[in-house]
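Q: Per our numbering, residue 7 is the first one in the sequence shown, and the count goes up by one each step.
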Amino acid sequence: MSNMNFSGAALPMNDDDIRIIAGYLGCEIAALKSVLSVESAGKGFGYEDRPIILNEPHIFYRELTIPKQRQRASRENLAYPYPGTMPYPVTQSDRYLWLEKAMAINKDAALASCSWGLGQILGANYKACGFSTVLAFVEAMMYSDGAQLYIMARFIVSNSLQMYLRSRAWAEFARRYNGPSYASNHYDLKLEHAYERMPLSDKVTPPPTDINTLNKLINANN
């Protein structure tokens, strides 16, 4: 088992964090808040101040390239080749229990097989978020809501999705952010409806954010 407990500083988000990231993305505050609302209900930390996670056993199956590890994970019902084969664990405590068991087989593959934090970014996307290892990605996720928000924004920019946030092209953003099956759970409609509920005062685009201000959101060690 891993000796990681995943409890970091867990600093809460404030309105400045949202403004800074919306400025970085060049989108309305309301558009950014809509994504957070749908992805995580605007909540980056949960059980024992750990980042909220969602296990993806089919990703774990893919990430395990050593046959004996894949066979063990399959035998223990931790991995399978197709999404939706078994129900996801419901509570954060059960999801972290899955993670602990998966890490006992392959630590990096297990960390890469969870979606993390406010933006529910898959660990396997750590390079697109500017990190050299999945562990560094996870440690940054443990730091604060602001760090999680910045990591999500890095992923958006790395995949050139900010233009769809700016124009509120919800279906295209949903397809590229959430995958081709987005329509099955009405992801684009949820984004649209979340935006419609946002106050008029949030439907503004802040001025561009400089890199020094951005870097203050994330742990200096990352």
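All residues carry an ideal CB built from backbone N, CA and C; glycine is no exception. Small disclaimer: the values here were computed from a predicted structure and weren't measured.
Check the C-beta distance from Asp-23 over to Leu-167 and give it rounded, since I have them as a contact under 8 Å.
A: Actually they are not in contact, since the Cβ atoms of Asp-23 and Leu-167 sit about 19 Å apart, beyond 8 Å.
Q: Which class does Asn-228 belong to by DSSP, given the choice of helix, strand or coil?
A: Note that Asn-228 scores a pLDDT of 44, beneath 50, so its modelled location is shaky and nothing firm can be said.
Q: Beta carbon of Pro-213: closer than 6 Å to some heavy atom of the ligand FAD?
A: With respect to the ligand FAD, the structure shown offers nothing to examine, as it has no ligands at all.
Q: What does the alpha-carbon distance come out to for the pair Glu-34 and Ser-43?
A: Cα-Cα distance, rounded: 14 Å.
Q: Check each candidate in Ala-37, Met-10, Ile-27 and name the one with the smallest Cα separation from Asp-194.
A: The shortest Cα separation from Asp-194 among Ala-37, Met-10, Ile-27 belongs to Ala-37.
Q: Pick from Val-140, Lys-49, Ala-16, Pro-89: whose alpha carbon is nearest that of Asp-55?
A: Measuring from the Cα of Asp-55, the nearest candidate turns out to be Ala-16.
Q: Looking only at C-alpha atoms, which of Val-41, Leu-31, Phe-137, Ile-26 sits nearest to His-199?
A: Closest by alpha carbon: Val-41.
Q: Within 10 angstroms of the Cβ of Lys-39, are there 16 or more other Cβ atoms? Answer buried if so, exposed if not.
A: Buried.
Q: Identify every residue that forms a DSSP beta bridge with Ile-59.
A: In DSSP, Ile-59 forms a bridge with Trp-122.
Q: Which residue's Cα is closest to the Cα of Glu-45: Gly-185, Ala-146, Gln-126?
A: Among Gly-185, Ala-146, Gln-126, the Cα nearest to that of Glu-45 is on Gln-126.
Q: Spell out the partners DSSP gives Ile-127 in its beta bridges.
A: According to DSSP, Ile-127 bridges with Trp-122.
Q: Straight-line CA distance for Met-7 to Asp-114?
A: Here the model assigns Met-7 a pLDDT of 39, short of 50, so the residue's position is not dependable, and the following value carries that caveat. For Met-7 and Asp-114, the distance between alpha carbons rounds to 13 Å.
Q: DSSP state of Phe-299, grouped into three classes?
A: Coverage of the chain is limited to positions 7 through 228, which leaves residue 299 absent and any answer about it impossible.
Q: Between which two residues does the alpha helix (DSSP H) carrying Met-169 extend?
A: Taken as a continuous stretch (DSSP letters only), the alpha helix (DSSP H) holding Met-169 covers 168 to 172.
Q: Assuming Asn-184 contacts Phe-161 under a Cβ cut-off of 8 Å, what Cβ separation, rounded to an integer in Å, is found between them?
A: Asn-184 to Phe-161, Cβ: 12 Å. No contact.
Q: Exposed or buried, Tyr-67, counting other C-beta atoms within 10 Å across all chains shown (16 or more means buried)?
A: So Tyr-67 ends up on the buried side.
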